[in-house]
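Below you'll find the structure, written out as structure tokens, and then a few comments.
2 protein chains.
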Amino acid sequence: MTINKNCIIRLSRYKNALYRLKNLGFVKVFSDNLADAVGVLPSQVRKDFSLFGLTGNRRGGYNIDELIESLGNILGKDKVHEVIVVGAGNIGTALMNYKGFEQEGINLVACFDIDPAKQKKASGMPVFPLEELKDFVKQRSVRIGIIAVPDIAAQQVLDIMISAGIKGILNFAPIRLRGPEDLVVNNINVELELENVIYFVNALRKTRGK
Amino acid sequence: MTINKNCIIRLSRYKNALYRLKNLGFVKVFSDNLADAVGVLPSQVRKDFSLFGLTGNRRGGYNIDELIESLGNILGKDKVHEVIVVGAGNIGTALMNYKGFEQEGINLVACFDIDPAKQKKASGMPVFPLEELKDFVKQRSVRIGIIAVPDIAAQQVLDIMISAGIKGILNFAPIRLRGPEDLVVNNINVELELENVIYFVNALRKTRGK
DNA sequence: AGTTTTTTGTTATTTTTTTCACAATAAAAT
DNA sequence: ATTTTATTGTGAAAAAAATAACAAAAAACT
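Laid out in structure tokens, this is it:
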């Protein structure tokens, strides 16, 4: 098996579960505890760990602190990552106001928007004109960006970001973005996820009777 | 092959791509146009369609209007679905302000929050006390809900929603929710997605040299 | 010290998902 | 009207992912 995206997402989930277990006072954990917390099978947990050389003690389980540290290293939590946001609309604003990123070593450093009306210091974080993006990103060597603009603008914004040196994108626009081979793009599409929930609720209602 | 979640997500993407193609003036479409728009292989598109009995003309491709209609029926776009939001924080507010749901037959009808300070008519949509959720949902037979509360509160909120008759959840809390077998839960975790982007950007930098 | 029990780490198996390949067929061209 | 060409629809093959199975090892117990 090769390392795939789902596997990395599971690592993040394990890490979150470990935080909670640690807060509850636990010191060690077994693969089936983690499996239960994350909703997979114990063998999946061990498989994932073995892929990354994460190891515990036979019969003794895993040490939570060590695991958290190792997972942190794998997931790049050893250093702080600067991230920019493009689009100061509903989503962009919500992201800027969100307080949970810091704890994970994610630092939203600036927001950019094409609309002058939104270029204010909205609740702490500066919102700059889009034209300033390129210089800002180059100067600070920012690698990661969030696209929270309407779909029509998304590709254009991406092109600017790429030219500035951005290598990874979290995209909220409901459109497939095109970029070079080595560009990393994850998509979040709330509408689509809702639609999906609706589909399966209806599908279940049909199969299991009303 | 059995119908799985990814397949349904692809159907939604096809539908979105079809809207765009239609707006561009196209009348018919081939599997490789859709494949390109969505980022899959043409054979995947045809396979997905064949699963749902969606059919085109050999050599003639697919009629866009018909496809949109059929996909709409499959995805439950024939009727309007009422959805409630719990949690009037950053995400909840962003969702309430978002204008795109209506077009997809998704109607956010109310928001609930435990915090009295948030129980105002924030920008149009009413925010009710959490205690009123159950009656509201029962009375209007709402089936779908969005959880946008902190992780510690999420399971508790879910339990209330379930007791009120909610059957499908879009969950923004970074925690695994527990519910009955037939409860549909989709999770959106922005932090985790960002972490994922960061991981792969770093991974690529390592393998391809700086 | 030896035995039992529990849990890991890893290989093998199964299942799922994707991709390929190509006959069937409809449109276009001759 | 016949031939050519392009594209679907689907069954077969390949690839990927998840699950099971179990030997190895560490802890607990006797």
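Protein chains in written order, with our numbering: chain G, 3 to 212; chain X, 3 to 212.
Built from N, CA and C at the ideal position, the CB exists for glycine as well.
Alpha carbon of D117 of chain G to alpha carbon of P131 of chain G, nearest angstrom: 7 Å
When the Cβ atoms of the stretch 138 to 150 of chain G are set against those of the stretch 85 to 94 of chain G, are three or more pairs found closer than 8 Å? yes
Find the residues of chain X that neighbour F227 of chain G, judging by a C-beta separation of less than 7 Å, and give them in chain order. The question about residue 227 of chain G has no answer here: the residues shown for chain G are numbered 3 through 212.
From the DSSP output, read off the bridge partner residues of G189 of chain G. Residue identity check: residue 189 of chain G is Asn in the sequence provided, not Gly. Per DSSP, G:N173.
Counting along the chain, where does the alpha helix (DSSP H) carrying A37 of chain X start and finish? S33 to V40
So with Cβ pairs under 7 Å, would you call G170 of chain G a contact of chain X? yes
Please classify A39 of chain X as buried or exposed, where buried requires at least 16 other C-beta atoms within 10 Å of its C-beta. buried
Could you spell out the range, first to last residue, of the beta strand (DSSP E) harbouring G147 of chain X? I146 to I149
Buried or exposed: E195 of chain X, going by 16 or more other Cβ atoms within 10 Å of its Cβ? buried
Any Cβ of chain G within less than 7 Å of the Cβ of I1 of chain X? It is not possible to answer for residue 1 of chain X, since the shown part of chain X is limited to 3 through 212.
Looking at L135 of chain X and F114 of chain X, is the spacing between their C-beta atoms short of 7 Å? yes
Does the CB of E68 of chain G have a neighbour CB from chain X at under 7 Å? no
C-beta neighbour in chain G for N99 of chain X, strict 7 Å: yes
8 Å Cβ cut-off: residues of chain G touching Y16 of chain X: The premise fails here: Y16 of chain X is roughly 11 Å from chain G at the closest Cβ pair, so nothing lies under 8 Å.
Below 7 Å CB to CB, which residues in the same chain sit around I108 of chain X once its five sequence neighbours on both sides are set aside? H83 and V85
Can you tell me whether DSSP reads E183 of chain X as helix, strand or coil? coil
Please report how far the alpha carbon of V139 of chain X lies from the alpha carbon of L206 of chain G, in whole angstroms. 19 Å
From what residue to what residue does the alpha helix (DSSP H) around E71 of chain G run? I66 to I76
Report yes if the C-beta distance between M163 of chain X and M127 of chain X is below 7 Å; otherwise report no. no
In angstroms, rounded to a whole number, what distance separates the CA positions of V187 of chain G and Y100 of chain G? 21 Å
Bridge partners for V88 of chain G per DSSP, in chain order? G:F114 and G:I149
Quick one, which of X:I200, X:E197 and X:V159 has its alpha-carbon nearest G181 of chain X's? X:V159
Run down chain G in chain order and give the residues with a C-beta less than 7 Å from the C-beta of I93 of chain X. A96
Between L77 of chain X and E197 of chain G, which are expected to be in contact by the criterion C-beta below 8 Å, what is the C-beta distance as a whole number of angstroms? 6 Å
Taking the alpha-carbon positions, what's the N65 of chain X to N59 of chain X distance? 9 Å
Which residue or residues does DSSP assign as beta-bridge partners of I108 of chain X? X:H83
Beta-carbon separation (whole angstroms), A156 of chain G vs I177 of chain G, contact threshold 8 Å: 5 Å
List the residues of chain X whose Cβ lies closer than 8 Å to the Cβ of F202 of chain G, in chain order. K7, I10, G170 and V186
Nonlocal neighbours in the same chain, by C-beta distance under 8 Å from V42 of chain X, ignoring five residues either side: R12
According to the neighbour-count rule (16 or more other Cβ atoms, all chains shown, within 10 Å of its Cβ), is N25 of chain G buried or exposed? exposed
Do the CB positions of K120 of chain X and V111 of chain X come within less than 7 Å of each other? no
Quick one, which of G:I154, G:E133, G:A166 and G:K122 has its alpha-carbon nearest R142 of chain G's? G:A166
Can you name the residues that DSSP bridges to G63 of chain X? X:N59
Report the neighbours of G41 of chain X on chain G: residues whose CB is nearer than 8 Å to its CB, in chain order. R178
If contacts are defined as beta-carbon pairs under 8 Å, then L172 of chain X and V199 of chain G qualify, I think. What distance do you get, rounded to the angstrom? 6 Å
Out of G:P44, G:Q46 and G:S72, which one is the CA nearest neighbour of T57 of chain G? G:S72
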